[in-house]
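Reading the sequence shown from the start, the letters are residues 144 to 585 in our numbering. Yeah, the Cβ is synthetic: ideal placement off N, Cα and C, and Gly gets one too. Bear in mind that the values here come from a model prediction, so they are computed numbers and not experimental data. First up is the structure itself, then whatever we jot down about it.
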Amino acid sequence: MAKSGMYVGLDIGTTSVKVVVAEYIDSQMNIIGVGNAKSEGINRGIIVDIDKTVQAIQRAVRQAEEKAGIQIKSVNVGLPANLLEVESCQGMIAVNSESKEITDEDVRNVASAALVRSTPPERQIISILPQEFTVDGFEGIKDPRGMIGVRMEMFGLVFTGPKTIVHNIRKCVERAGLVVAELVITPLALTESILTDGEKDFGTIVIDMGGGQTTTSVMHDKQLKFTHVNQEGGEFVTKDISIVLNTSFNNAEALKINYGDAYPERTSASEEFPVDVIGKSEPIKIDERYLSEVIEARIEQIFRKSKEVLDEIDGLDLPGGVILTGGAASLPGVVDLAQEIFDTNVKLYVPNHMGLRNPVFTNVISIVDYSANLTEVYHLAKTSVTGEKVVSTQPTVASPKDTSYEATYQEPEEQHYEPEEEHSTGENVKGKISDFFKNIFD
Ligand SMILES: Nc1ncnc2c1ncn2[C@@H]1O[C@H](COP(=O)(O)OP(=O)(O)OP(=O)(O)O)[C@@H](O)[C@H]1O
Ligand SMILES: [Mg+2]
Numbered sequence: 144m145a146k147s148g149m150y151v152g153l154d155i156g157t158t159s160v161k162v163v164v165a166e167y168i169d170s171q172m173n174i175i176g177v178g179n180a181k182s183e184g185i186n187r188g189i190i191v192d193i194d195k196t197v198q199a200i201q202r203a204v205r206q207a208e209e210k211a212g213i214q215i216k217s218v219n220v221g222l223p224a225n226l227l228e229v230e231s232c233q234g235m236i237a238v239n240s241e242s243k244e245i246t247d248e249d250v251r252n253v254a255s256a257a258l259v260r261s262t263p264p265e266r267q268i269i270s271i272l273p274q275e276f277t278v279d280g281f282e283g284i285k286d287p288r289g290m291i292g293v294r295m296e297m298f299g300l301v302f303t304g305p306k307t308i309v310h311n312i313r314k315c316v317e318r319a320g321l322v323v324a325e326l327v328i329t330p331l332a333l334t335e336s337i338l339t340d341g342e343k344d345f346g347t348i349v350i351d352m353g354g355g356q357t358t359t360s361v362m363h364d365k366q367l368k369f370t371h372v373n374q375e376g377g378e379f380v381t382k383d384i385s386i387v388l389n390t391s392f393n394n395a396e397a398l399k400i401n402y403g404d405a406y407p408e409r410t411s412a413s414e415e416f417p418v419d420v421i422g423k424s425e426p427i428k429i430d431e432r433y434l435s436e437v438i439e440a441r442i443e444q445i446f447r448k449s450k451e452v453l454d455e456i457d458g459l460d461l462p463g464g465v466i467l468t469g470g471a472a473s474l475p476g477v478v479d480l481a482q483e484i485f486d487t488n489v490k491l492y493v494p495n496h497m498g499l500r501n502p503v504f505t506n507v508i509s510i511v512d513y514s515a516n517l518t519e520v521y522h523l524a525k526t527s528v529t530g531e532k533v534v535s536t537q538p539t540v541a542s543p544k545d546t547s548y549e550a551t552y553q554e555p556e557e558q559h560y561e562p563e564e565e566h567s568t569g570e571n572v573k574g575k576i577s578d579f580f581k582n583i584f585d
């Protein structure tokens, strides 16, 4: 159950940095502020320029602060799934106290015991997720505190990631003058937050189609069991249009948004629109079908990569089918194309919050929601692992002005896009989760 209070989520995306301020009253989420600033310094989901990223974060945070009428000091920030690994862990301790009543300290100790492992020098533990405790042989306990026992075991999952990604995210947030309250693994938050209990249990695939990368996640038996990152996204579609039609990136983006469709069969070859072409004084006419074929080629390639990895784990047999979200999923025809390629039921997920009914905000809303719902047991286990002090996941609130504010969607400001030299397929990065849970679908 979510606490009451204020939570801020930060999603550092390739195309834009999003910030959401959410106020929870009796577990009810109300979004009271939003910021969305054009990204710079992020390439294919990864921070490549700290200074530029810091500025984008600051712009997005400032917008959200103004709208929410609060000062943001700490944020819950999303971590992409690139090179993410998850392993199960298990620890056991003898309960410490005289009375044998289990305390916070015991929870910390059992989490530490579960983490006696070696991590390669280039990786670090991001978080530990306690799943269940056993007290004197009694299983299935979610929060053992206050119970009496002699022996306690904890079973959980431990997430590790590349030090460099974690470091760069922290560094950018701190340089932007903010404290990292919680580093949230984005696909974990996403699947937790947008799927129904049935979808989590029986198994569902979520594909987050961002600007710079596409992340495929599988949740089954209520656990995130698989992630795969393909470093290709909506910006690649725009680049393709720009190259094929010989027009600027910004023109290509506008064509995609205004006339684009990923499913050529739905379009007409007689509907034409003008395109400003580099080196020509007069615009040329392009038909919708042609534009659609360009778009389809890239989106199909993205989906085929997801399908390839999903086929390896029989993921497409899961009854929940595929749920698409992320900015690039809002392109018309994407669901039809996905349906054809994955040959299973496909839905588009759009957040249902006033002013934020746009899939670009799905991740940041999930990050907030996930952070607000983290349990005390989680925080105890995690602080013992990372050695961090408990930092409030809530921002410091300075004179709330008007909490009845309705957030409204804004296009990110300032389009500064520099095409990369390399413009081919992105490399595939498969989370080791897949190896660990190889037999999950048996
Ligand atoms: N209405 C729309 N139609 C088509 N494409 C859209 C639309 N709205 C946004 N997009 C595309 O969505 C992409 C941005 O999505 P999103 O904001 O989810 O990415 P990001 O989080 O910044 O990037 P990433 O997750 O890859 O790091 C861009 O390529 C943009 O062109
Ligand atoms: Mg994203």
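query	result
Closer than 8 Å is the cut-off here; do at least three beta carbon pairs connect the region 351 to 361 with the region 442 to 454?	yes
Residue 426 and residue 418: beta carbons closer than 7 Å?	yes
Run through DSSP, which three-state label would residue 283 get?	strand
Using the Cα positions of residue 199 and residue 193, report the straight-line distance between them to the nearest angstrom.	10 Å
Cutting at 7 Å between CB atoms, please list the residues of its own chain near residue 182, excluding the five before and the five after it.	156, 157, 158, 159, 160 and 199
Hey, would you say residue 151 sits closer than 7 Å to residue 218, going by beta carbons?	yes
Should residue 506 be listed as close to ligand 2, given that the test is whether its C-beta is under 6 Å from any heavy atom?	yes
Taking 6 Å as the cut-off, does the CB of residue 470 come closer than this to any heavy atom belonging to ligand 1?	yes
Rounded to whole angstroms, what's the CA-CA distance from residue 366 to residue 166? Just pull it up for me.	27 Å
Taking residue 511 as the reference, which of 248, 245, 180 and 330 has the closest Cα?	330
What does DSSP give as the partner residues of residue 294 in its beta bridges?	237
Which residue comes first and which comes last in the beta strand (DSSP E) that contains residue 371?	366 to 373
Going by the C-beta, is residue 184 closer than 6 Å to any heavy atom of ligand 2?	no
Out of 222, 506, 298 and 299, which one is the CA nearest neighbour of residue 269?	222
DSSP state of residue 265, grouped into three classes?	coil
Below 8 Å, can you find three or more Cβ-Cβ pairs linking the region 323 to 340 to the region 246 to 258?	no
Closer than 8 Å by C-beta to residue 191: which residues in its own chain qualify, once you throw out the five before and the five after it? Chain order, please.	184 and 185
Determine which residues share a DSSP beta bridge with residue 277 and list them.	296
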